[in-house]
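Peer 1: Heads up: take any position in the sequence shown, counting from 1, add 61, and you land on my numbering.
We put the CB at the ideal spot given by N, CA and C, even for glycine.
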Amino acid sequence: MKAPYVFDEFFVSNLEESISPFLTLNSQKWGKNLSLKSASIAAFLLCISFLFSYISPPASSLFLSFVFFLVGTPALLAAFDDLKNFEINIDVLMTLAAFIALLMGNGLEGALLLVLFELSHSLEETVSRKTTSALHSLNKIAPKKASVVSSDGEVVETSIHEITIGTTLLVKQGEIVPLDGEIIQGASSLNLVHLTGESLPVFKKIKDRVPAGARNLESSIYIKVTTLNQDSTLNRIIGLITTAQEAKPSVQNFLDRFGQKYAWAVILLTFSFGLFLPFLFPISFTGEEGSIYRALAFLIAASPCALIIATPTAYLSSISASAKKGILLKGGAILDSLANISIVAFDKTGTLTTGELTCLAVHSLQSDSIEEALSVAYGLEQHVVHPIATSICKFAQSKQISPAHIENVQVIPGFGIQGSYKNTAVKIGLAEYTLKDLTKKEEYLKWISTKKQENQVLSTLCIGNDVFLFQFSDQIRKEAPSLLQKLKQNKILPVMLTGDNSHSANHVAKKVGISEVFANLRPEDKLLKITELSSEKNLAMVGDGMNDAPSLARAHVGISMGRIGSATAVDASDVILLNDDLDSISWLFSSAKKTQNIIKQNLSLALGVICFASIPALFGLIPLWTAVLLHEGGTLLVGLNSLRLLSKKS
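1) Just reading off the alpha helix (DSSP H) that Ile676 is part of, what are its end residues?
2) Is the segment 95 to 108 close to the segment 126 to 135, with three or more CB pairs under 8 Å?
3) Is it buried or exposed for His564, if we count other Cβ within 10 angstroms and need 16 for buried?
4) Cβ of Val271 within 8 Å of Cβ of Gly227?
5) Given a cut-off of 8 Å on the beta-carbon distance, is the pair Val699 and Leu666 in contact?
6) Let me check understanding here. Comparing Cα to Cα, which of Gly619, Leu173, Asp632 and Val423 lies closest to Ile402?
7) Give me the Cβ distance between Gly477 and Asn640, rounded to the nearest whole Å; I'm assuming they're in contact under 8 Å.
8) Less than 8 Å between the C-beta atoms of Lys488 and Tyr482, yes or no?
9) Using 8 Å as the Cβ pair cut-off and three pairs as the minimum, do the segment 399 to 417 and the segment 504 to 513 touch?
10) Quick check on the DSSP output: what are the complete beta strand (DSSP E) runs of length 3 or more inside the segment 85 to 164, in order along the chain?
11) Would the segment 165 to 181 and the segment 208 to 217 be scored as touching if the rule is three or more Cβ pairs under 8 Å?
12) What's the C-alpha gap between Ala273 and Phe533?
13) Tell me which same chain residues have a C-beta within less than 7 Å of the C-beta of Ala566, skipping the five on either side of it?
14) Answer yes if the segment 422 to 432 comes into contact with the segment 522 to 529, meaning at least three C-beta pairs across the two stretches below 8 Å, and no otherwise.
15) Report the residue ranges of all beta strand (DSSP E) runs contained in full by the segment 437 to 508; include only those spanning at least 3 residues, in chain order.
16) Skipping 5 residues on each side, what residues in its chain have a beta carbon closer than 8 Å to that of Leu594?
17) Enumerate, from N- to C-terminal direction, the unbroken beta strand (DSSP E) stretches of 3 or more residues contained entirely within the segment 360 to 432.
18) Drop a sphere of 10 angstroms on the beta-carbon of Ile380, count the other beta-carbons inside from all chains shown, and report buried for 16 or more, exposed for fewer.
19) Can the beta-carbon of Val217 be found closer than 8 Å to that of Leu231?
20) Within this structure, are the beta carbons of Asn252 and Pro239 separated by less than 8 Å?
21) The beta strand (DSSP E) that contains Thr521, what's its start and end?
22) If you draw a straight line from the C-alpha of Asp269 to the C-alpha of Ser280, how long is it?
23) Quick one: Cα of Lys191 to Cα of Leu377, how far?
24) Grab me the residues of Glu502's own chain with a C-beta within less than 8 Å of its C-beta, minus the 5 sequence neighbours each way, in chain order.
25) Can you have a look at Thr521 and say buried or exposed, based on whether 16 or more other CB atoms are within 10 angstroms of its CB?
26) Are the CB atoms of Asp535 and Thr415 within a distance shorter than 8 Å?
27) Relative to the C-alpha of Ile221, which candidate in Thr229, Lys233, Ala207 and Gln234 has its C-alpha closest?
28) Using the beta-carbon count (16 or more within 10 Å), is Ser383 buried or exposed?
29) If you draw a straight line from the alpha carbon of Ser122 to that of Ala159, how long is it in whole angstroms?
30) Tell me the rounded alpha-carbon separation between Leu399 and Leu649.
31) Would you kindly work out how many angstroms separate the C-alpha atoms of Gln291 and Lys205, rounded to a whole number?
32) Which residue wins for smallest C-alpha separation from Asp561, given the options Met602, Ser596, Asp609 and Ile524?
33) Looking at the unbroken alpha helix (DSSP H) that takes in Gln546, where does it start and where does it end?
34) If we call anything under 8 Å between Cβ atoms a contact, is Glu540 one with Leu389?
35) Residues in the same chain with beta-carbon distance under 6 Å from Gly694, minus the five sequence neighbours each way, listed in chain order, please.
36) So the candidates are Leu664, Ala674 and Leu701; which of them puts its Cα closest to the Cα of Ala371?
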């Protein structure tokens with residue numbers, strides 16, 4: 062039986078029903094994207110019905126009945142619900158036009174209207190729902206249980222929802238800190254990159270506070286809980302994401318504002334023409350020249366099929382073209398915002414930089430045995446999980462150097478690692494730790510200071526009295542400078558928002574060409590800055606970490622790095638760069654503007670066809686079949702125009 066809080070978390074998360082904890086896994090699988098599945102099946106059955114209309118009309122009618130059942134039933138229910146609330150919109154008019162076409166013997170036309178209607182709505186609904194899954198992703202990242210240490214020293218696995226303030230927890234090496242707390246025993250380095258954006262782990266000792274969500278890298282620590290689960294760092298970020306999503310500006314295009322008035326006008330005019338045309342012209346109510354026939358022809362001609370697909374087909378074509386470029390867009394309306402962006406805020410670590418330390422070189426003051434030193438460093442660092450250790454191991458492997466056999470390996474949290482190699486003491490880590498017992502310590506420190514370059518990370522290896530220096534750097538993405546240059550050419554201002562220190566931030570900003578830098582920002586600070594900047598102009602945020610998630614959700618458009626980015630950042634964003642290719646951002650802005658132009662063309666074309674067909678229909682110049690033909694022809698032209706966005710040149 063599931064704990065009550067599991068259901069509580071689901072109900073307040075506003076997630077789609079298909080992942081409800083009440084459903085079995087098999088039911089969740091079938092329930093996911095149900096409206097899209099039914100619309101796709103209906104489209105397939107409609108094609109079969111069309112083919113059978115030339116072979117076997119009864120069989121065609123049978124398949125057509127299934128189409129109306131799959132897409133007509135939900136359309137009717139939705140229309141009745143709107144009418145019950147005295148709301149007339151394009152959806153109601155679309156449903157009315159489809160069923161009147163059926164009553165007049167044009168069932169295939171009515172079914173086509175319903176299928177296009179349901180496909181466009183379900184596709185938009187499917188991609189937009191993904192933006193609400195950030196909370197679900199965070200709950201998956203966060204530990205559900207913690208190792209509680211009792212008064213007699215026994216360790217018991219306990220749900221974090223049952224843990225009170227003051228409880229002692231054991232956090233082992235490699236584990237994620239489950240709740241905010243203060244270290245009461247032990248010391249270790251914690252990886253906070255997804256919480257603060259800091260690229261290097263931070264050393265924490267007794268009396269230091271540690272946030273929930275940090276990963277313990279080196280050794281076990283005991284912490285005293287200082288914050289309940291609902292008030293922890295992770296849950297605070299969840300709250301920030303929720304607030305940001307609710308405050309996010311809603312993109313309302315021309316059709317949304319125009320739709321309700323248009324639907325009311327067409328329905329009222331249809332009934333008016335059917336009732337009053339015989340009083341204005343010498344015609345009857347019935348017959349092919351009668352007012353009812355002309356009014357129905359007007360309704361079919363004025364039905365908004367072309368208008369309805371004018372925007373979704375353009376959006377979906379642009380989304381498909383973006384997908385081929387490795388860009389995932391969560392909904393077409395995002396393109397409207399992208400077309401009007403004037404500021405782009407970039408995170409630093411993992412966005413403008415690769416987010417991984419790279420070992421650049423190994424130096425020695427008096428020894429030439431660099432390969433042996435690298436082998437010893439490899440032998441020491443292979444025992445720990447740390448960005449510097451990973452970089453050294455990869456560097457050694459690239460040089461085809463095997464790890465040396467090190468005895469008595471001991472990790473000194475926050476300082477380094479020591480051991481014994483061929484009966485000689487070896488140490489690697491901070492210079493203050495590795496050089497403290499050497500007689501030439503000051504000489505070595507001066508030598509190290511001459512080797513240190515801006516924004517580089519250093520690590521020192523001592524093999525007896527021989528000293529070796531390892532140089533590391535977080536590499537700037539090669540495409541970053543060219544992207545920023547293109548943005549400036551298009552009059553888009555780039556800024557940097559990062560939780561990293563100002564020295565590192567300014568160094569990277571200078572390299573890539575950013576003049577405005579905001580450093581040392583916590584997640585809430587980033588959100589405030591994004592709110593401030595976006596109140597002045599339309600803003601896009603580009604980030605990768607969990608700490609970026611609230612800002613990504615609050616920005617007019619959130620863009621995340623899909624390959625390196627955290628699950629939370631990916632879910633909270635509107636755009637995902639699947640290949641982490643920054644250069645595709647400039648293409649995306651250009652594509653968004655082209656999409657906006659195509660939509661304007663589609664709307665003009667759709668309204669033009671409606672006017673061209675509907676007005677003559679009232680005067681009996683256009684029969685019903687011609688009105689349907691013109692109506693469908695306009696729909697086809699709008700669709701073909703949208704497909705231009707799939708062109709490789711676009």
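Peer 2: Taking the coordinates as given:
1) Ser645 to Leu679
2) yes
3) exposed
4) no
5) yes
6) Gly619
7) Not really, about 36 Å apart at Cβ, beyond 8 Å.
8) no
9) no
10) none
11) no
12) 29 Å
13) Lys409, Met557, Thr559, Val578 and Ala580
14) yes
15) 468 to 473, 477 to 482 and 485 to 490
16) Ile404, Ala406, Val556 and Leu600
17) 388 to 390, 404 to 407 and 414 to 425
18) buried
19) no
20) no
21) Val518 to Ile524
22) 15 Å
23) Residue confidence is low: Lys191 scores 45 on pLDDT, short of 50, so the model does not pin down where it sits. No coordinate-derived value is stated.
24) It should be noted that the sequence gives Lys, not Glu, for residue 502. Around Lys502: Leu496.
25) buried
26) yes
27) Ala207
28) buried
29) 15 Å
30) 8 Å
31) 13 Å
32) Asp609
33) Ala541 to Gln550
34) no
35) none
36) Leu664
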